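Q: Pasting a structure below so you can have a look.
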């Protein structure tokens, strides 16, 4: 299990605030619009780490783009 950084928490929170599936690019754009300084590569890594832990539901729409969403019960911090 990876350590919980402020960047990972920011991604986790932004994902939890998003309805439905969202791409890393869209999530990053939303975070930037809200004043976050988390980079796109960090968003990708955080989503990949969360998917490995089973936190978001992941659905691949195209070979070049994956999307993620928070589980129905919300995201919990361990």
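Residue numbers (the UniProt record's numbering): 1 to 78. Think of the CB as a built atom: it goes at the ideal place given N, C-alpha and C, for glycine as much as any other residue. No experiment lies behind these values; they were computed from the predicted model shown.
Comparing C-alpha positions only, which one of 53, 4, 14 and 3 sits nearest to residue 37?
A: Considering only alpha carbons, the answer is 14.
Q: Around the C-beta of residue 55, are 16 or more other C-beta atoms found within 10 angstroms, so that it is buried, or is it exposed?
A: Burial call: buried.
Q: Give the DSSP-derived three-state secondary structure of residue 38 in the structure shown.
A: DSSP places residue 38 in coil when its eight states are reduced to three.
Q: Answer with buried or exposed for residue 19, where buried requires no fewer than 16 other C-beta atoms within 10 angstroms of its C-beta.
A: The residue is exposed, with fewer than 16 neighbouring Cβ atoms inside 10 Å.
Q: Can you grab the Cα-Cα spacing for the pair residue 5 / residue 32, in whole Å?
A: If you take the alpha carbons of residue 5 and residue 32, they lie about 18 Å apart.
Q: Starting from residue 22, follow its DSSP beta bridges and name the residues at the other end.
A: Note: residue 22 sits in a beta bridge opposite 68.
Q: Under 9 Å between the Cβ atoms of residue 22 and residue 46?
A: Against a cut-off of 9 Å, the Cβ pair of residue 46 and residue 22 comes out as no contact.
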